[in-house]
Structure formats: C-alpha cells, structure tokens
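**Q** For the sequence shown, the working numbering begins at 894 and goes up steadily by one.
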Amino acid sequence: MKLRSLALIAIFLLPAVSAYSGVKVTLSDELAPLYPDSRIEKAVLGYSVDAARGTIASVHLLFNGLKPGDELSFRITGAKVSEPAAKWYRLIDVPVAENTGLDSRTEKFSEKTNPYVIRRAPFRIYEALDPVVPPVGIKSGTEVYRLEIPVDAGLNIGVNDFTIEVSAPGFHKKLTFNVIVHHAQVPPLQGAHLEYVNWHSNGRIAADHGVEIWSEPFWSMLGSYARLMARGRQNTFWFIWSDFFRFNPDGSVAEFYGERFDRYIRTFLDEGLTTIQGAPFARRRNWETDAFLLAVPVENGKEIPMLSEEGLKIFRSMANPILARLKENRWNNSWVQGIFDEPTEEYVERYKATAAVLKSLDPGIRILEATMTVSLAGIVDCWCPQVQEYQANMDFFKERRAAGDEVWVYTCLIPGGPWINRLVDQERLRQVYVGWACSKYDLQGFLHWGLNHHRGKPFEELVRQHENEKSFLPAGDSHIIYPGSAGPLSSLRYEAHRIGMEDYELLLQLKKLNPVLADELTNRLFQAFNQYNTDISTYRGVKSELLKSLK
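#1: Is the beta carbon of residue 1020 within less than 7 Å of some heavy atom of the ligand SAH?
#2: Am I right that residue 1168 and residue 1088 are in contact with their C-beta atoms under 8 Å? What's the rounded C-beta distance?
#3: Locate the beta strand (DSSP E) running through residue 1139, then write down its first and last residues.
#4: What residue does the alpha helix (DSSP H) around residue 1160 start on, and which one ends it?
#5: Which of the three DSSP states, helix, strand or coil, is assigned to residue 1446?
#6: Can you tell me where the alpha helix (DSSP H) holding residue 1124 begins and where it ends?
#7: Please classify residue 1416 as buried or exposed, where buried requires at least 16 other C-beta atoms within 10 Å of its C-beta.
#8: Just to confirm my understanding: we take residue 1180, look at its own chain, exclude 5 residues before and 5 after, and list those with CB closer than 8 Å. What are they?
#9: Between 1144, 1020, 1235, which lies nearest to residue 1266 when the distance is taken from Cα to Cα?
#10: Rounding to the nearest angstrom, what Cα-Cα distance links residue 1058 and residue 1273 in this structure?
#11: So, under 8 Å CB-CB, residue 1036 and residue 959 are touching, yes? Tell me the CB distance rounded to an integer number of Å.
#12: Say whether chain D places a C-beta atom closer than 8 Å to the C-beta of residue 1171.
#13: Taking only runs that begin and end inside the segment 996 to 1057, name each unbroken beta strand (DSSP E) of 3 or more residues, in chain order.
#14: What do you reckon, are the CB atoms on residue 1231 and residue 1282 nearer than 8 Å?
#15: Can you tell me whether residue 901 is buried or exposed, with buried defined as 16 or more other CB within 10 angstroms of its CB?
#16: Return yes when the Cβ of residue 965 is within less than 8 Å of the Cβ of residue 1029, no when it is not.
#17: With residue 1247 as the anchor, note down where its alpha helix (DSSP H) starts and where it stops.
#18: Is residue 965 helix, strand or coil by DSSP?
#19: Do residue 1306 and residue 1450 come within 8 Å of each other at the CB atom, strictly closer than that value?
#20: What's the gap between the Cα of residue 1119 and the Cα of residue 915?
#21: Confirm, please, whether the CB-CB distance from residue 1373 to residue 925 is below 8 Å.
#22: Evaluate the contact criterion for the segment 1101 to 1118 versus the segment 949 to 957: three or more CB pairs, one atom per stretch, below 8 Å.
#23: Would you mind working out which of 1388, 1014, 1380, 1076 sits nearest residue 1325, comparing C-alpha positions?
#24: Would you list the residues sitting across from residue 970 in a DSSP beta bridge?
#25: If residue 1149 sits next to residue 1214, beta carbons under 8 Å apart, how far is it from one beta carbon to the other, in whole angstroms?
#26: Exposed or buried, which one is residue 1042 when buried takes at least 16 other CB atoms within 10 Å?
#27: Would you decide whether residue 1408 is buried or exposed? Buried here means 16 or more other CB atoms lie within 10 Å of its CB.
#28: Find out if the Cβ-Cβ distance for the pair residue 1401, residue 1086 is shorter than 8 Å.
#29: Going by other Cβ atoms of all chains shown within 10 Å of its Cβ, with 16 needed for buried, is residue 1152 buried or exposed?
#30: Could you have a look at residue 908 and say whether DSSP puts it in helix, strand or coil?
#31: Can you give, in chain order, each stretch of the alpha helix (DSSP H) that sits fully within the segment 1261 to 1336 and has at least 4 residues?
#32: Whole angstroms are fine: how far does the CA of residue 1362 sit from the CA of residue 1006?
#33: In whole angstroms, what separates the C-alpha of residue 1357 from that of residue 1122?
#34: Let me know the secondary structure DSSP gives residue 1427 once reduced to three states.
#35: Which whole-angstrom value describes the C-beta separation of residue 1186 and residue 1202, a residue pair presumed to lie in contact below a C-beta threshold of 8 Å?
#36: Judging by CA-CA distance, which residue of 1125, 1293, 990 is the nearest neighbour of residue 1353?
As structure tokens, then:
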C-alpha cells in the first residue's frame, strides 16, 4: 500500500497571507485529518471540489490564533446564487488513547506496533459535527468549522464560485470555494443499489437524550436518528425482537406490542430507509463456552437453550406475530433475518436446526448473517464475512454468488493494520473505499455493529475495555455518531462512508457505460482490502475523471 503523509489538500487560488491580529485561517479537504495542535504554516484561501448532483460539497476551515470569548462570523455568497442553503458545523475533537492493533483490537492486545495509523497515540483529532448558526462564540484558540452546500437544483452545471467571508474582532478575510457540478447524479436513498447498516441501540438513544424509551419524546428522537442514518446513505436498519414483547418472569411471552412494532418500522421507512433487518434471536453466553441460547429477558439469570422444548415454544410465540405483522404491512419482502451473530464451526449443526425451524414458518425468509464459517452453504442467503475473510475465501463467495446468494462484508474490532475499517486513527479514505470495494467485488452490502453503542462517555471514551485487561475496542469501533443536545451528531468517518456509498452509485453507472474504464479507475485507487492509495489528491483526481465520464 502506498503510504503518504496527509497534508492539507487544496487548490491554491489566492495568495495565502493573513495579517489580522494574529488570526490565521486555511481551507482543508474534508478527508484530511485536523488536530487541536494543527498549525497553519502556509494558508490556503481557495479550494475547488468536483461534485455530482444529489450530493454535498464540503470544505473545512482551520483557524489559529482565535480569542476565546469573542465571536466568529461567517457569510457566504455566490456569483450566481445568493446565500445558498449552506450549513455550518463546529468540529469537536475526541481522544485516541491507544492505536488500533496490527491484527485486531488495540496494540495492547498483541503488543505489536501498527505502522498503518495516521498518528501515534495518544492524540486528539477533530471528529464530530456540531451544527451552528453564525455568529458563533469562540471556545478555543484553534478551531475547525465545516461548510456544506447541497449540490441540488440551486447550483448550475459547471463551476459555481462562492465567497466565504469570515470575521472576528480585528480580523476579516475572504476565501474562495468553487463547486464544480457535473451532469452525473447520485440517486436518492430509496433508489440506492448497495445495502448499508450500522446497528443502533434504542437504550442508548433514550439514555443519551434523557427520554423514557417508547415515550413520545423518544419516538421524536428516534426519528432524528433515522434522518441521520438516511443522510449517511444507510438504507438498512435493524429491530430487536425482544423490544416488542412483554415477557413473564420465566421468559415466556405475555404480550406482543404490535402497534409499537408498526410505528418503529414506519419511523425508518418514512425517512427513506428500505431494508429491515431482524437482529439475531439466539446468542452466546460468552466466547469461552459454546452455549446456544434464546435471547429473551429472564429473571434470576436463567438461560433458555435455543433448541430446547421451552426455547422453541417461546421462539414460535415471538416469530409468528412478527411474521404476521410483516406480511400484513407487505414488509416481508424487504426483510432479512439473523439467527446467531458470528457463528463459528462448533455452532453449525445447531444453527442449521434453528434455520430449519425458522424457515418452516415461511420458506421465503432470507437469512443474513455475519458469518465466521463457510459451512452454512444452502442455509445462509446473505453472507457477511469480515473483509479479510472475504479476501481469503474469495472463490467460495464467488460460488455463493453464482448460486444466487448475496454477499455483504463487515468490519468490527477486526481487522487492524492496513485493512479497510472505520477507526479513528485510520485515513478517512478507508471509509470512502468501502464503496469502491463493494463495486470492485460486486458485493451487495456493508455492515457494522456500532452506530451508537458507547457506554455513556461518547466524546471521552473512544477506546474502551472489552473482554479482559488486554482486550480493548479500538478507537471508534463502538460508535460512529455522537449524541448532541438536540439530537444525534454525524462524524467525519460517517460522512466519509457516505461519500463512498455515493461513489459506489457513480461507479455502477460507469460500469454500464464503460466497464473497462470503471475497472481502470477503481484499480488506480483500490486494489484490495489491504492495498489502496492513501493520497487524497490522487483520489480527488480519479473522482474528477469518474464524474467527467458520466455525461
């Protein structure tokens, strides 16, 4: 893999000297990392970006020398569009206490140094997007702001010139932001061709925003989360079976909350998400034993084996009303269902038996699973291996595609090192390249477990203990969005994922027009899940060629 330093990436359009009261400002590519200790050596006051219609044009503004307590003002005007529908964000920095491991988790796990990180830990990096309305109160001497302009009907095909005016006491500066709009268009989320899901926690949503779960304020907040998912081009969402039942102390079903179930599903569908994933209904006790248990709340720590008479009875009492509701609302064709997360070889026979019970209720049920074995051919309909396992078993997964199965991929605390993942101490291009990888290998989806599964300290605890004193989740594995005062906040990693999903749609269009060129452009950036170009300017150049080819 070609590793290069990630300097500020921009196009120089104007002389870059600021002489106002020690304040400096520079423009930066949204994929370039910025830190609280970033210092402006040579300011960049002009920046251009190529964009497809239906996307977002963004640029970052790094300031040095600000005075906390003062106000900072922004004003944007366009040569053809006055006061565009711009959005401003203050970027919030977060800590990286340990680096991602060379193989998995953090470096502490295997005690090997990982050279494939953007900076040695500990450090802080700008990550979360907090929306602001100018003027804003200055909090620190160094701050970063993000400007977004929607690439919609308000912009013309070709170059759209914008002037950004920034002001603080004794300081005023004009910067240039050029958005080059191409004919190419990314379809709306409902027309997306790639499945994408980050599993969310309803309990965390309630706790993080101080609302009672299933109360009216909770439903409103859940809608805000669904909107952020849709913005990030996440078109798949999950539901956990036990959220929609009242259980007796022994784990048996007392009541099905059908209206809650309907409202939950519609909350996401109304925001444009299209695929419903049922969470696995069986679980492990832990990774040290091979227990295969039904995932229901039971008093006194009682465990119910999935395939016991009791377990199957409870399972059917949940599955039947869920299936009936899905069919009644004509949602069943948009539904995929998990059984047991990350099955390994010792679970194969019990997995097969459980799948047979599930499909006896409806043979048309599609099973999607994050798989850690290849011994479930003919059982799993939608395979989802980790990226390194897909690469190691590519022939097998090509056979499953030929047999009519879907193949997704996923990442988690594994893999580390040079592999594609979405961790904070990695290049943002790795998240972008998820879309390019799915295009190259004709994959149908990407899954990650951690939308908001932090443990109550999302801005402080990016690395947290997992299984034992050496096993820690790497920075950002547990969550990729953050709770704000009025709703969820996106992150630069989440936005990079969005860009990659948009790129997937553009590559798909080019494949239909000129598959040879699509392959050539892809291979210039992405060769394998552990081999790709990390130079942002190279990516921008190839992206420009991609857009120009779609006239």
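For glycine and all other residues, C-beta sits at the position ideal for the given N, C-alpha and C.
All of these numbers come straight from a predicted model, not from anything done at the bench.
**A** This is what the structure holds:
#1: Judged by which ligands are present, the structure shown has none, so any question about the ligand SAH falls away.
#2: The C-beta distance from residue 1168 to residue 1088 rounds to 6 Å, short enough to meet the 8 Å contact threshold.
#3: Looking at the DSSP string, the run of the beta strand (DSSP E) that includes residue 1139 is 1138 to 1140.
#4: Segment 1151 to 1162, the alpha helix (DSSP H) holding residue 1160.
#5: Outside the shown range of the chain (894 to 1444) lies residue 1446, about which nothing can therefore be said.
#6: Per DSSP, residue 1124 belongs to the alpha helix (DSSP H) from 1109 to 1124.
#7: Its Cβ having fewer than 16 others within 10 Å, residue 1416 is exposed.
#8: Answer for residue 1180: 1360, listed in chain order.
#9: Ranking 1144, 1020, 1235 by Cα distance to residue 1266 puts 1235 first.
#10: So the alpha carbons of these two residues sit roughly 56 Å apart.
#11: The pair is a contact, with the Cβ atoms about 6 Å apart (cut-off 8 Å).
#12: The chain labelled as chain D is not found in the depicted structure, where only one protein chain is given.
#13: The segment 996 to 1057 is shown to contain whole beta strand (DSSP E) runs of 3 or more residues at 1016 to 1025, 1036 to 1044, in chain order.
#14: Cβ distance not < 8 Å, so residue 1231 and residue 1282 don't count as in contact.
#15: For residue 901, the predicted model reports a pLDDT of 39, less than 50, meaning its position is unreliable and no value from the coordinates is stated.
#16: Cβ atoms of residue 1029 and residue 965: closer than 8 Å.
#17: Element bounds for residue 1247: 1241 to 1254.
#18: Residue 965: strand per DSSP, three-state reduction.
#19: Here the chain has residues from 894 to 1444 only, and residue 1450 is not among them.
#20: As the crow flies, the alpha-carbon of residue 1119 is around 43 Å from that of residue 915.
#21: Cβ atoms of residue 925 and residue 1373: not closer than 8 Å.
#22: At 8 Å Cβ cutoff, the stretches do not touch.
#23: Of the candidates 1388, 1014, 1380, 1076, the one whose C-alpha sits nearest the C-alpha of residue 1325 is 1388.
#24: As computed with DSSP, residue 970 is found in a beta bridge with 1056.
#25: That pair is a contact at about 4 Å.
#26: Label assigned to residue 1042: buried.
#27: By the beta-carbon neighbour count (other beta carbons within 10 angstroms, threshold 16), residue 1408 is exposed.
#28: With respect to residue 1086, residue 1401 sits close: the two C-beta atoms are nearer than 8 Å.
#29: Sixteen is the threshold: since fewer than 16 other Cβ atoms of the shown chains lie within 10 Å of the Cβ of residue 1152, the residue is exposed.
#30: Its pLDDT being 33, under 50, residue 908 is placed unreliably by the model, and the measurement read from it follows with that caveat. Correct three-state label for residue 908: coil.
#31: 1280 to 1285, 1287 to 1295, 1321 to 1333, all fully within the segment 1261 to 1336.
#32: Rounded to the nearest angstrom, the two C-alpha atoms are 18 Å apart.
#33: The alpha-carbon of residue 1357 is positioned some 24 Å away from that of residue 1122.
#34: Three-state result, residue 1427: coil.
#35: In fact, because the Cβ distance is near 14 Å, the residues do not count as touching under 8 Å.
#36: It is 990.
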